[in-house]
Amino acid sequence: MKKVVILGAGTAGTIMANKLAKMLDRKEWEIEVLDRNNIHYYQPGFLFIPFGIYSPKDVVKKKDAFIPRNVKFTVADILSIDAEENVVNLVGGEAIRYDILIVATGTVPTPSETPGLVGERWYKNIFDFYTFEGAVALHDYLKDFRGGKLVMTITELPYKCPIAPLEFVFLADAFFAKKGIRDKVEIIYTTPMSGAFTKPVATKMLSSVLEEKNITVVTDFYVEGVDEEKNIIRSYDGREVEFDGLVVVPVNLGEEFLASSGLVDDMNYVQVDKGTMQSVHKPNVFAIGDAANLPTSKAGSVAHFAADVLAENIVEYANGKAPSHQFDGHANCFIETGHGKGTLIDFDYTNEPLPGMYPLPGIGPMKLLGVTRLNHWGKLAFKLIYWEFLLKNRRLPVSSKFSLAGKKKV
Ligand SMILES: Cc1cc2nc3c(=O)[nH]c(=O)nc-3n(C[C@H](O)[C@H](O)[C@H](O)COP(=O)(O)OP(=O)(O)OC[C@H]3O[C@@H](n4cnc5c(N)ncnc54)[C@H](O)[C@@H]3O)c2cc1C
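Heads up: the sequence shown begins at 1 in full-length UniProt numbering, then just goes up one per residue.
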């Protein structure tokens with residue numbers, strides 16, 4: 001038997017296992033998925049935990065419940081990849097041989113990369129919400145927050161789900177308003193980008209939402225370090241922002257074990273062709289999801305759309321053909337704006353988010369770059385869609401290919 005090994009049973013690895021279990025010739029190919037644990041977190045739900053909208057149990061299920069029965073699931077810590085020998089080495093000494101390797105090990109929030117961030121004040125008045133533990137600790141902090149400067153800071157690019165920190169400040173505004181203390185809280189948003197988002201049309205729209213909510217934006221702010229004694233964050237160009245409470249998107253890096261593989265860039269992201277997702281170094285290695293160096297957002301929606309393309313390419317490669325299917329970088333995301341409303345963006349490698357209707361051109365019902373109640377319900381419904389449809393590779397009424405139909409050029 002020949003073997004496909006998938007590293008990581010998060011969003012991307014699980015979708016790929018479900019697709020390939022049906023698409024590969026199973027008389028010829030076996031499939032094994034490796035992950036260090038059996039806990040699947042619904043990461044978009046981490047956003048809601050600090051505000052008590054979701055409880056911790058809302059975002060956790062077992063990974064093996066989503067892996068098809070005819071796919072082997074092994075809980076093991078991956079130590080290294082020997083891409084010359086086609087072998088994955090596990091902590092504990094076991095080696096797993098592969099014919100085709102799919103790397104789907106995601107990205108790791110790494111607060112230790114920022115001087116002063118992880119010290120005495122970590123999880124006292126300095127938090128992340130990109131981990132389960134961080135989101136839960138932040139909930140305990142925010143429920144007793146009585147006023148002062150709450151700073152949301154993005155340390156460095158790229159980071160997964162680029163809109164999550166914006167959603168955080170929108171929800172913080174609504175949370176403090178509901179508590180009747182909004183006038184006692186100054187909300188500050190610092191970003192290394194030169195605006196609220198990377199692309200001009202969405203930046204303009206999101207900037208007006210930030211202004212409306214009286215959230216101060218500090219741009220071009222790359223965090224050099226944190227002075228936890230003085231409660232100050234400092235940028236590389238010497239600017240300082242004071243805080244009472246600090247919420248951080250830490251530096252995001254690809255998994256450490258990939259560093260020695262000869263397959264990655266200097267941030268440990270697997271270097272792939274942005275269309276086929278095949279490694280630029282080894283033809284039998286592919287990467288998907290946050291682990292890949294694709295020039296689009298690191299997001300679950302991207303993993304979902306990319307999986308349609310990658311599965312076709314893996315089947316072609318398994319049959320001795322060159323991968324021919326091209327991923328267009330399609331990404332979309334609901335953005336919570338607070339007070340029961342939200343907006344939606346849809347874009348790809350070449351087209352920026354534009355206003356319009358989605359998924360049906362002219363009909364919607366979702367409004368792109370509009371703030372509506374329906375978009376908020378879409379965001380909440382996404383949890384059920386994620387567990388019941390997306391991971392299990394059940395059909396959804398959205399195309400994995402980006403389309404300009406129904407969108408207005410501005
Ligand atoms: C706060 C927050 C909000 C978000 N909101 C959204 C949203 O609204 N919409 C959206 O589309 N996306 C959102 N995302 C992003 C989305 O969750 C990720 O992009 C998606 O989960 C990436 O999937 P992945 O499979 O690449 O990585 P992951 O799902 O992170 O999976 C990686 C897997 O690899 C395993 N692994 C890693 N290293 C090893 C090792 N050495 N040995 C064994 N196993 C290993 C891990 O255990 C993990 O299970 C959000 C993320 C966060 C943190």
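The beta carbon of each residue, even a glycine, is placed where N, CA and C say it ideally should be. Small disclaimer: the values here were computed from a predicted structure and weren't measured.
Contact check, residue i vs residue j, beta carbons under 9 Å
i: Leu263; j: Lys282; result: yes
i: Gln33; j: Ile67; result: Before going on, a small fix: residue 33 reads as Val here, not Gln. Cβ distance < 9 Å, so Val33 and Ile67 count as in contact.
i: Thr198; j: Pro162; result: yes
i: Ile188; j: Ile215; result: yes
i: Leu166; j: Leu138; result: no
i: Phe327; j: Val315; result: no
i: Leu246; j: Asn268; result: no
i: Cys333; j: Ala306; result: no
i: Leu20; j: Val4; result: yes
i: Phe175; j: Phe46; result: no
i: Ala172; j: Met152; result: yes
i: Ala177; j: Pro50; result: no
i: Gly329; j: Phe402; result: yes
i: Pro109; j: Lys383; result: no
i: Leu7; j: Ala104; result: yes
i: Ala303; j: Val272; result: no
i: Lys230; j: Glu242; result: yes
i: Gly147; j: Lys184; result: yes
i: Gly289; j: Gly106; result: yes
i: Arg121; j: Glu228; result: yes
i: Phe257; j: Ile102; result: no
i: Ile15; j: Asn393; result: yes
Residue i CB to nearest heavy atom of ligand 1 below 8 Å
i: Leu380; result: no
i: Ser301; result: yes
i: Gln43; result: yes
i: His40; result: yes
i: Ala104; result: yes
i: Asp290; result: yes
i: Ile154; result: no
i: Asn37; result: yes
i: Asp265; result: no
i: Tyr189; result: no
i: Ile78; result: yes
i: Thr350; result: no
i: Lys63; result: yes
i: Gly10; result: yes
i: Ala135; result: yes
Sheet register partners of residue i (DSSP bridge)
i: Met357; result: Lys367
i: Gln278; result: Phe286
i: Trp122; result: Ile126
i: Lys62; result: Ile39
i: Tyr236; result: BP columns for Tyr236 are empty, so no partner.
i: Leu333; result: Inspection of the sequence shows that residue 333 is occupied by Cys rather than by Leu. Paired residues: Ile345.
i: Phe73; result: Val33
i: Val264; result: Val270
i: Ser80; result: Asn89
i: Ile6; result: Val33, Ile102
Whether or not the stretch 32 to 50 and the stretch 5 to 13 are in contact is what I'm after, with contact meaning three or more pairs of Cβ atoms, one per stretch, closer than 8 Å; do they touch? Touching, per the Cβ criterion.
Between the stretch 75 to 93 and the stretch 47 to 59, are three or more C-beta pairs nearer than 8 Å? Verdict: no, contact absent.
Say whether the stretch 141 to 151 touches the stretch 352 to 360, bearing in mind that this needs 3 or more beta-carbon pairs closer than 8 Å, one atom from each stretch. By the C-beta criterion, the stretch 141 to 151 is judged not to be in contact with the stretch 352 to 360, since fewer than 3 inter-stretch pairs fall below 8 Å.
Would you say the stretch 369 to 377 touches the stretch 230 to 242, given that touching needs at least three Cβ pairs under 8 Å? Contact between the stretch 369 to 377 and the stretch 230 to 242 is absent: fewer than 3 CB-CB pairs across the two stretches fall below 8 Å.
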